[in-house]
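Novice: Sharing a structure with you now.
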């Protein structure tokens, strides 16, 4: 009985013992088998050699029973790394072992980190060009982007994470020999019959198209409503440019959602380089078009929106083009169960995302009530805090893809190894970032402001920004581990609980202690996320039961 597994995982594990089959997306060595084969060397004398028989009998008579070999004097059987925390600490004391899995983690995480960093850098370039139009236009872009990102994070990020997990699981099973080619009909071209069919990918792209169109209609038709919701009055100088930018920017929503679904597929394939190339190409086009459309064609803020939308469609087209080389983008057989799985998991992650957004927005609101100077200092701290988190977020991507592969194939030993390694690298990265920020935060903060009062406020948050990095790293890595085994339910419910507790703490402490109360509330928010993750792994509930049960049986 597959205790703690969703129907999706039960199906995948039931076919994971098929023979290995090479697939173009895997350039690394074949996945490790979940079976253990005991081999014995033969003598040159052959199987009938009396010397071999005598030697074998002597070995059997002199070898103790396996149980007796591991018994202590008191009769207790020592357990080897039953506690996963002890296993991580033990491996860390021995030094970080750059095994095949460790190198694979880094090969996935590094390009992912660069891709994640590309968008913030492009936003800075956009702001630099728009800033030359005037302060009203720059403020208008800021308001419009905030609205757009709010909608994107709420719906698009859950789709991205679910696609990564489901595609990684199906790809792992296909790599083990599941023959999906036979599902193709005779109406397909001959070259299409050489492509892999992954139903989860087709479902994700279909949902992405629908979600993107819905977002585009909602943001363009309701641009005035959204700007009102942000508190921008009709007579405000930023009202008209904000509506104009949001209206035009909305036409890029379908491209963004489809591109994110495609990125999720590539992450599931453990390929983070292709999305990096596509994102860099799109962002370079954006930077090239910005001055031409804004100044040369005198389109102003509309030119900035047009440049951004054009770059988004380029990214989506490049990713779909590369996917189409290897995978059938449209499944010949519609599977309603896949849609239900996406909607169910997506609903859970939307709730989780809401909990995060509400907590972070509340913290920002509490800081804003202290006045413009404290708010400016707070903004510097949070920008640095969120930017450096991209490195550990990339580790979460690697952990998610590799854990989904091992879990779907029933290779729980490999799954445990992935958990140990990404947590070790996460802690090491967090400590390194903490040291760097303690030393260089003053220099970083001067990039954002030259106001001495603002910088003084920003420096007061150094203990939070730097000291929380190890906690942040573990929290983000644990998020990736949740998604790797499709533990979406616990990820959502625990985040709602953590958000409620942290929000209550913010409401109680921020009015009394000011920014110190806000920093404490955010630190509590991240710490409780880590505690919830450690508790989940330690209690071995849900899908984690299968991962740890084999280790416990092996230590008996």
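Numbering (the UniProt record's numbering), first residue to last: 1 to 556.
Glycine included, each C-beta is placed from N, C-alpha and C at the ideal position.
#1: Does any CB atom of chain B fall closer than 8 Å to the CB of residue 445?
#2: I'd like the list of long-range same chain contacts for residue 510, defined as Cβ closer than 7 Å, with 5 residues on each side in sequence excluded.
#3: Given a cut-off of 8 Å, decide if residue 425 and residue 403 are closer than it, judged by their beta-carbon atoms.
#4: Smallest Cα separation from residue 489: which of 399, 344, 296?
#5: Beta-carbon separation of residue 506 and residue 281 under 8 Å?
#6: Note the first and the last residue of the continuous alpha helix (DSSP H) segment covering residue 322.
#7: Looking only at its own chain, which residues have a Cβ that is under 7 Å from the Cβ of residue 563, when we skip the five neighbours before and after it?
#8: Would you give the residue range spanned by the alpha helix (DSSP H) that residue 196 belongs to?
#9: Can you say whether residue 495 is buried or exposed, counting buried as having 16 or more other CB atoms within 10 angstroms of its CB?
#10: Whole angstroms is fine: what's the gap from residue 169's alpha carbon to residue 409's?
#11: Going by DSSP, what residues sit across from residue 327 in a beta bridge?
#12: Taking C-alpha atoms, which residue in 243, 271, 465, 359 lies nearest to residue 107?
#13: Expressed to the nearest angstrom, what Euclidean distance is found between the alpha-carbon atoms of residue 11 and residue 458?
#14: Can you tell me whether residue 149 is buried or exposed? The criterion is at least 16 other CB atoms within 10 Å of its CB, across all chains shown.
#15: Out of curiosity, what's the CA-to-CA distance linking residue 274 and residue 321?
#16: Span of the alpha helix (DSSP H) holding residue 558?
#17: Less than 8 Å separating the beta-carbons of residue 324 and residue 257?
#18: Looking only at C-alpha atoms, which of 482, 278, 133, 204 sits nearest to residue 331?
#19: Note down the Cα distance separating residue 390 from residue 158, rounded to an integer number of angstroms.
#20: What is the DSSP secondary structure of residue 451, counted as helix, strand or coil?
#21: Give the single residue among 484, 356, 465 whose Cα lies nearest to the Cα of residue 503.
#22: Output the distance between the C-alpha atoms of residue 412 and residue 398, rounded to the nearest integer angstrom.
#23: Excluding the five sequence neighbours on either side, which residues of its own chain have a C-beta within less than 7 Å of the C-beta of residue 465, listed in chain order?
#24: What is the rounded straight-line gap between the Cα of residue 469 and the Cα of residue 434?
#25: Judging by CA-CA distance, which residue of 500, 327, 547 is the nearest neighbour of residue 195?
#26: Alpha carbon to alpha carbon, how far is residue 314 from residue 501?
#27: Go through its chain and collect everything with a Cβ distance to residue 293's Cβ below 6 Å, but skip five positions before and after it.
#28: If I measure Cβ to Cβ from residue 61 and keep anything under 8 Å in the same chain, skipping five residues before and after, which residues do I get?
#29: For residue 131, does the count of other Cβ atoms within 10 angstroms reach 16, so buried, or fall short, so exposed?
Specialist: According to the structure data:
#1: The chain labelled as chain B is not found in the depicted structure, where only one protein chain is given.
#2: For the purposes of this step, residue 510 is taken as the residue at position 510 of the chain shown. If we look at residue 510 and ignore the five residues flanking it on each side, its Cβ neighbours are 366, 517, 518, 521.
#3: Position 403 of the chain shown, counted from the first residue, corresponds to residue 403. Position 425 of the chain shown, counted from the first residue, corresponds to residue 425. Taking 8 Å as the Cβ cut-off, residue 403 and residue 425 do not qualify as a contacting pair.
#4: Position 489 of the chain shown holds residue 489. Nearest of 399, 344, 296 to residue 489, Cα basis: 344.
#5: Taking the first residue of the chain shown as position 1, residue 506 is located at position 506. Taking the first residue of the chain shown as position 1, residue 281 is located at position 281. Contact flag unset, no.
#6: Taking the first residue of the chain shown as 1, we reach residue 322 at position 322. Run containing residue 322: 301–324, per the alpha helix (DSSP H) assignment.
#7: Residue 563 cannot be examined here, being either before or after the span of the chain that is shown, 1 to 556.
#8: Numbered from 1 along the chain shown, position 196 holds the residue referred to as residue 196. No alpha helix (DSSP H) contains residue 196, which DSSP labels as neither H nor E.
#9: In the chain shown, counting from the first residue as 1, residue 495 sits at position 495. Classification for residue 495: buried.
#10: Numbered from its first residue, the chain shown carries residue 169 at position 169. Numbered from its first residue, the chain shown carries residue 409 at position 409. Those two C-alpha atoms are separated by around 8 Å.
#11: Indexing the chain shown from 1 puts residue 327 at position 327. DSSP, once it has assigned bridges, lists 196 as partnering residue 327.
#12: The sequence position of residue 107 within the chain shown is 107, counting from 1. Nearest option by C-alpha distance: 271.
#13: By 1-based counting over the chain shown, the position of residue 11 is 11. By 1-based counting over the chain shown, the position of residue 458 is 458. Legend: pLDDT at residue 11 = 44, less than 50; position of this residue unreliable, value from coordinates given subsequently. The straight-line gap from Cα to Cα measures roughly 52 Å.
#14: Mapped onto the chain shown, residue 149 falls at position 149. So residue 149 ends up on the exposed side.
#15: Position 274 of the chain shown, counted from the start, is the residue given in the question as residue 274. Position 321 of the chain shown, counted from the start, is the residue given in the question as residue 321. Straight-line Cα distance between these residues: approximately 11 Å.
#16: Only positions 1 to 556 of the chain appear in this structure, which leaves residue 558 out of reach.
#17: Locating residue 324 in the chain shown gives position 324, where the first residue counts as 1. Locating residue 257 in the chain shown gives position 257, where the first residue counts as 1. Going by C-beta atoms, residue 324 is not nearer than 8 Å to residue 257.
#18: Numbered from its first residue, the chain shown carries residue 331 at position 331. Selected option, being the one with the closest Cα: 204.
#19: By 1-based counting over the chain shown, the position of residue 390 is 390. By 1-based counting over the chain shown, the position of residue 158 is 158. Roughly 17 Å between the two C-alpha positions.
#20: Position 451 of the chain shown, counted from the start, is the residue given in the question as residue 451. DSSP places residue 451 in coil when its eight states are reduced to three.
#21: Numbered from 1 along the chain shown, position 503 holds the residue referred to as residue 503. Measuring from the Cα of residue 503, the nearest candidate turns out to be 356.
#22: Within the chain shown, the letter at position 412 stands for residue 412. Within the chain shown, the letter at position 398 stands for residue 398. Looking at the two C-alpha atoms, the distance is approximately 17 Å.
#23: As a first step, residue 465 must be located in the chain shown, where it is residue number 465. The residues are 381, 384, 385, 437, 441.
#24: Here residue 469 corresponds to residue number 469 of the chain shown, with the count starting at 1. Here residue 434 corresponds to residue number 434 of the chain shown, with the count starting at 1. Between residue 469 and residue 434, the C-alpha separation is close to 6 Å.
#25: The count along the chain shown starts at 1 and reaches residue 195 at position 195. Closest by alpha carbon: 327.
#26: As a first step, residue 314 must be located in the chain shown, where it is residue number 314. As a first step, residue 501 must be located in the chain shown, where it is residue number 501. In a straight line, the C-alpha of residue 314 is about 43 Å away from that of residue 501.
#27: The residue labelled residue 293 in the question sits at position 293 within the chain shown. The answer, listed in chain order, is 299, 303, 306, 307.
#28: Locating residue 61 in the chain shown gives position 61, counting from the first residue. Note on residue 61: pLDDT 41, under 50, position unreliable in the model; the coordinate value appears next. Around residue 61: no qualifying Cβ.
#29: On the chain shown, position 131 is the one that residue 131 refers to. Label assigned to residue 131: exposed.
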